[in-house]
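Chemist:
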Amino acid sequence: MIESPCIRECCLDSQDICIGCARHINEITGWQKLSEQEKKSIVSRCDSSKKDQVSLKGSGIRSSSEQV
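Numbering follows numbering that gives the first Met the number 0, in which position 8 of the sequence shown is assigned residue number 7; successive positions increment by one, without gaps.
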């Protein structure tokens with residue numbers, strides 16, 4: 000069973016992406032209905048997105064999804 004990547008730091012950006020777990024609002028609200036493969040794919044993408052954000056923060060560059 001694939002666990003939700005929620006880290007309880009929920010706040011949506013202007014594109015409805017959670018800044019805590021990097022999922023879109025539709026992925027969050029529909030999580031229970033998704034197949035294991037869909038969940039696995041989302042978790043993998045979210046992990047990559049979070050790593051990219053960490054890299055951008057370290058460089059001083061702001062991502063397009065960050066609020067000003």
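The beta-carbon is built from N, C-alpha and C at its ideal position, and this holds for glycine as well.
Taking Cβ positions, are residue 6 and residue 39 nearer each other than 7 Å?
Modeler: Here residue 6 corresponds to residue number 7 of the sequence shown, with the count starting at 1. Here residue 39 corresponds to residue number 40 of the sequence shown, with the count starting at 1. No.
Chemist: Is residue 16 helix, strand or coil by DSSP?
Modeler: Along the sequence shown, one-based indexing puts residue 16 at 17. Strand at residue 16.
Chemist: For residue 8, count the other beta carbons within 10 Å of its own beta carbon; 16 or more makes it buried, fewer makes it exposed. Which is it?
Modeler: Walking along the sequence shown from the start, residue 8 turns up at place 9. Exposed is the call here.
Chemist: My understanding is that residue 23 touches residue 15, with C-beta atoms under 8 Å, so please give their C-beta distance in whole angstroms.
Modeler: The count along the sequence shown starts at 1 and reaches residue 23 at position 24. The count along the sequence shown starts at 1 and reaches residue 15 at position 16. Indeed, because the Cβ distance is near 6 Å, the residues count as touching under 8 Å.
Chemist: Using 7 Å as the limit for Cβ to Cβ distance, is residue 13 near chain B?
Modeler: Here chain B cannot be found, since the structure has a single protein chain.
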